[in-house]
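In terms of our numbering, the sequence shown opens at residue 4 and continues consecutively. Since the structure comes first, as structure tokens, the remarks are kept for the end.
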Amino acid sequence: MSRPLIATYRLQFREGTGFSEAEGLVPYLKTLGASHLYASPVFAASPGSTHGYDVVDYNRFEEELGGDAGLGSLSDQLMKADLGLILDFVPNHMGVSQENRWWEDVLRWGRESRYAQTFDISWDEEKILIPTLGTPYGEALRGGALEVVYDEDRGEVRFSANGYGLPVDPRTLSHVFSFVDHPERDSLVRRFSAAVPADG
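The following block contains the structure:
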């Protein structure tokens, strides 16, 4: 049901304000004469986000705020009070943390990623430059700040740059594993070499 927009009340979620706290404000908003609650970004954001604009997944609501169930309950209370809900989001603005599956896919597959056009990336260069090093490349390499690691939580080989984990294009691993002395080596090398991005 579409409600005429008369007056909005903007609520900044996070830092102690979640969906259940907002539910408690519904009668007050009605008394003020607001027609809509205007919510700051409530989608899943980078860990520790204080504003929510650094969204990592537009397909789910932030668990710390109450998740899908919490937003559903808030929405029900707003509808009972005949108030609308406006969700603030910026479609071309996302957090580029390790929790963003789309960003990780772009870093792993480059222009072949199904999300390559989601981000404003200049594909004129073959590499995406990410400022994660606190020192020049040579110093970081000599100092041990760059390493290939196995991430047990993710179950994959990743590149660690000054402690910041980055995905690795599996096709590049065929070269790494070609030096391994193991009976499964040839099979691994073939599989890594033939890897292609998932299509959905």
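Beta carbons: idealized from backbone N, C-alpha and C, even for Gly. Since the model is a prediction, treat every value here as computed from it, not as a measurement.
Report the option in the options whose CA atom is closest to the CA atom of residue i.
i, options, result
"Leu176", "Tyr118, Ser190, His54, Leu28", "Ser190"
"Pro44", "Glu18, Gly51, Asp57, Ser38", "Asp57"
"Phe195", "Asp71, Lys130, Ser49, Asp172", "Asp172"
"Asn95", "Gln120, Ala72, Gly73", "Gln120"
"Val29", "Lys130, Pro50, Ser76", "Ser76"
"Gly113", "Gly168, Gly146, Lys130, Phe180", "Lys130"
"Lys33", "Phe16, Gly147, Met82, Gly19", "Met82"
"Gly205", "His39, Gly73, Glu18", "Nothing can be reported for residue 205, as the shown portion of the chain is limited to 4 through 203."
"Ser5", "Ser38, Pro134, Ser163, Gln15", "Ser38"
Looking only at DSSP bridge pairs, what is residue i linked to?
i, result
"Arg161", "Val152, Pro170"
"Leu14", "Ala42"
"Thr20", "Arg17"
"Leu88", "Leu40"
"Val109", "Val109 pairs with nothing; no bridge assigned."
Ignore the nearest five residues each way along the sequence and tell me which others in residue i's own chain have a CB closer than 7 Å to its CB.
i, result
"Pro170", "Glu107, Leu110, Arg111, Arg161"
"Gly69", "Gly21, Phe22, Ser23"
"Leu204", "Past the edges of the chain, shown from 4 to 203, lies residue 204, and the structure says nothing about it."
What does the alpha-carbon distance come out to for the pair residue i and residue j?
i, j, result
"Leu90", "Asp127", "35 Å"
"Arg188", "Val93", "46 Å"
"Arg193", "Glu67", "43 Å"
"Ala84", "Gly36", "11 Å"
"Ser116", "Gly141", "29 Å"
"Gly55", "Ala48", "6 Å"
"Asp71", "Phe64", "6 Å"
Between residue i and residue j, is the Cβ-Cβ spacing less than 7 Å?
i, j, result
"Asn103", "Val59", "yes"
"Leu86", "Ser78", "no"
"Gln101", "Glu26", "no"
"Asn165", "Leu132", "no"
"Arg174", "Ala201", "no"
If I measure Cβ to Cβ from residue i and keep anything under 6 Å in the same chain, skipping five residues before and after, which residues do I get?
i, result
"Tyr61", "Phe46"
"Pro7", "none"
"Arg157", "none"
"Arg13", "Tyr41"
Between which residues of its own chain and residue i is the CB-CB distance below 8 Å, once the five residues before and five after are set aside?
i, result
"Glu159", "Tyr153, Pro170, Val171"
I'd like to know whether the C-beta of residue i is nearer than 7 Å to at least one C-beta of chain B.
i, result
"Glu65", "Of the chains in the structure shown, none is chain B; there is only one protein chain."
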